[in-house]
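Chains as they are written, first to last, in my numbering: chain A, 6 to 198; chain B, 6 to 198.
Positions of the beta carbon are idealized from the N, C-alpha and C atoms, including for glycine.
Only one structure is covered here, and it is reproduced in the block below.
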DNA sequence: TATTGTTATACTCTATAACTATA
DNA sequence: TATAGTTATAGAGTATAACAATA
């Protein structure tokens with residue numbers, strides 16, 4: 006989440022000329038704006054004569070990794086601001102939320118679910134515990150494991166935090182219709198799940 | 006891109022029950038699989054009785070930031086492997102690609118376009134230059150600025166690197182139809198552009 | 001005065017190896 | 001032997017402040 010000094014973004018807004026054809030399900034309209042003078046997208050463009058004012062990043066914009074990362078960072082930037090009052094960063098939030106919705110979950114399960122590494126979770130858990138947001142209870146079946154539970158204080162915090170997160174996300178995706186938002190979530194999950 | 010020791014991922018594949026309605030454009034089908042017994046998505050679910058085996062992350066899956074980040078990391082993980090032979094990490098790749106497509110682009114422009122901070126670009130540029138992949142030439146109009154150009158060696162490298170990146174991306178998005186892929190790119194850009 | 005590029009530096013995030021205690 | 005949790009630590013990534021040269 007790099008906060009820039011104050012750089013004007015010369016990124017051009019593409020006319021998002023996107024169609025699709027398929028089988029069984031209806032879809033969301035992708036171009037609410039009246040299709041503005043659509044510049045031909047260069048599939049293998051020849052370089053800019055000389056990059057004097059505008060910068061062409063049309064190739065990078067064809068890459069899912071690039072677009073997903075840029076979108077994620079854009080959202081996370083606002084997330085950090087809005088969730089700072091709760092003392093929660095994205096990973097803290099994910100961990101607290103998962104514990105809240107899965108009482109007794111173990112560190113091992115958290116790592117697998119959220120794709121974290123065990124050593125990096127240790128300090129995080131200790132911090133949440135020392136803040137009184139979670140409790141560690143012995144695991145019923147496995148003597149090695151420890152069950153994690155949100156305290157009433159932690160639960161109350163997360164009700165607010167999740168509400169804030171959801172609101173912020175709706176703001177950040179304001180250019181999307183609810184249908185498009187739903188579509189986007191489902192398509193992203195097809196990549197990483 | 007956290008590489009796990011070898012954890013079985015208890016993440017459940019959602020039935021991606023996604024519909025959409027809208028106005029002017031056709032869309033891609035979101036559910037190629039024969040709609041499998043669809044579990045009710047909990048909008049504000051009550052916690053798992055006890056997280057013994059499976060972990061419920063349905064709330065996080067409603068967050069764009071979470072999904073975008075997970076998808077991005079999933080792609081970047083493979084990106085790192087496949088682009089390692091070229092000595093390029095994601096940011097190096099973005100910078101080289103942008104220079105290649107925009108001869109004479111300045112550091113300042115790169116920062117604005119790729120959302121990087123100037124101090125972090127310095128070492129990166131120096132590294133690319135010392136590898137003989139780019140050249141720095143005086144800017145025609147501005148004595149302070151330096152124009153960046155890809156050398157023939159750098160150009161040749163990037164032809165291969167971009168081909169590799171595009172291939173890897175198609176692999177990672179194999180569960181998506183071309184139409185869905187196009188849709189996804191356009192929707193992501195609506196968030197960060 | 002404002003901007004480009006740079007240095008130095010601090011802070012955070014992520015990754016690896018190795019240990020312990022339980023199974 | 002394998003796994004859950006932990007420790008210590010290294011490395012990469014990202015951030016801020018301040019400076020010189022040019023506009």
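Selection A/119, A/166, A/97 evaluated against residue 60 of chain B yields A/119 as nearest (Cα-Cα). For the stretch 156-189 of chain B, the set of residues with a beta-carbon nearer than 8 Å to any beta-carbon of chain A comprises 167, 170, 171, 174, 177, 178, 180, 181, 182, 184, 185, 186, 187, 188, 189, in chain order. Within the stretch 79-103 of chain B, the residues whose Cβ lies closer than 8 Å to some Cβ of chain A are 79, 80, 81, 84, 95, 99, 102, 103, listed in chain order. According to the DSSP assignment, residue 142 of chain B belongs to no alpha helix (DSSP H) but to the beta strand (DSSP E) extending over 139-143.
Shown here for residue 139 of chain B: same chain residues with a beta carbon closer than 8 Å to its own, the five before and five after excluded, namely 101, 104, 130, 133, 153, 154, 155, 156, 159 in chain order. DSSP, reduced to helix, strand and coil, places residue 152 of chain A within a strand of the structure shown. Under DSSP, residue 110 of chain A forms a beta bridge with A/153. Straight through space, the alpha carbons of residue 66 of chain B and residue 144 of chain A are spaced by roughly 27 Å. Sequence-distant Cβ neighbours of residue 151 of chain A in its own chain, meaning closer than 8 Å and more than five residues away, are 111, 112, 141, 142, 143, 144. The DSSP-derived three-state label of residue 178 of chain A is coil. Annotated three-state conformation of residue 92 of chain B is coil, per DSSP. Closest in alpha carbon position to residue 187 of chain A, among A/122, A/197, A/175, is A/175. Taking a 10 Å sphere around the C-beta of residue 124 of chain A, we find fewer than 16 other C-beta atoms and assign the residue as exposed.
Contact residues of the stretch 61-77 of chain B toward chain A are 61, 62, 63, 64, 65, 66, 67, 68, 69, 70, 71, 72, 73, 74, 75, 76, 77 (C-beta to C-beta distance below 8 Å). In the structure shown, residue 120 of chain A adopts coil according to DSSP, grouped into three states. Assignment of residue 190 of chain B by DSSP, reduced to helix, strand and coil, places it in the helix class.
With respect to residue 165 of chain A, residue 192 of chain B sits apart: the two C-beta atoms are not nearer than 8 Å. Residue state for residue 103 of chain B is assigned as helix, using DSSP reduced to three classes. For residue 178 of chain A, the number of other beta carbons within 10 angstroms of its own is at least 16, and it is reported as buried.
In terms of beta-carbon proximity, residue 196 of chain A lines the interface with chain B, with at least one pair separated by less than 8 Å. In this structure, DSSP gives residue 64 of chain A a state outside helix and strand, which the three-state scheme calls coil. For the pair residue 70 of chain B and residue 170 of chain A, the Cα-to-Cα distance works out to about 9 Å.
The beta carbon of residue 109 of chain B is closer than 6 Å to those of 152 in its chain, skipping five residues each way along the sequence.
Under the three-state reduction of DSSP output, residue 169 of chain A falls in the helix class. Inter-residue distance for residue 127 of chain A and residue 116 of chain A is about 11 Å (C-alpha atoms, whole angstroms).
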